[in-house]
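Written below as structure tokens is the structure these notes are about.
Numbering (the UniProt record's numbering), first residue to last: 1 to 117.
So, in structure tokens, the structure goes:
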């Protein structure tokens, strides 16, 4: 039968040991990916709305470069720092939130004539 020795093989000492740092690194990488998925789709949606409404390309390019900086700072200088308490974590988090707020405001300003303002 296939799989009769599975429990014995799973408990044997022949498998490689993974230290706590490996599990921690995996958790940090999973959290980095999760943070990206939580924030970037909304940011790209706002950027596409700005572009569809005739936003300035230089403003859009510069702001997307700033978003890239904030996300890299959040991960590389924040979450992957010692004890995940690097300065990049707060800079990246608040920078991303400010970016979304600023670009949403810019998108609303672009369509102000639609509302008769």
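Note that the Cβ used here is the ideal one computed from N, Cα and C, for glycine as well.
Considering just the uninterrupted stretch of the alpha helix (DSSP H) at residue i, what are its terminal residues?
i: residue 60; result: 57–74
Pick from the options: whose alpha carbon is nearest that of residue i?
i: residue 106; options: 43, 25, 81; result: 43
i: residue 113; options: 37, 54, 40, 88; result: 54
i: residue 25; options: 109, 76, 108, 88; result: 76
i: residue 110; options: 85, 51, 39; result: 51
Helix, strand or coil for residue i per DSSP?
i: residue 112; result: helix
i: residue 81; result: coil
i: residue 45; result: helix
i: residue 23; result: helix
i: residue 97; result: helix
i: residue 92; result: helix
i: residue 102; result: helix
To the nearest angstrom, how far is the alpha carbon of residue i from that of residue j?
i: residue 90; j: residue 78; result: 7 Å
i: residue 49; j: residue 66; result: 18 Å
i: residue 104; j: residue 46; result: 6 Å
i: residue 27; j: residue 100; result: 26 Å
i: residue 58; j: residue 23; result: 42 Å
i: residue 80; j: residue 56; result: 35 Å
i: residue 82; j: residue 116; result: 52 Å
i: residue 34; j: residue 63; result: 22 Å
### Query
For the 8 Å Cβ check, are there 3 or more pairs between the stretch 86–97 and the stretch 60–72?
yes
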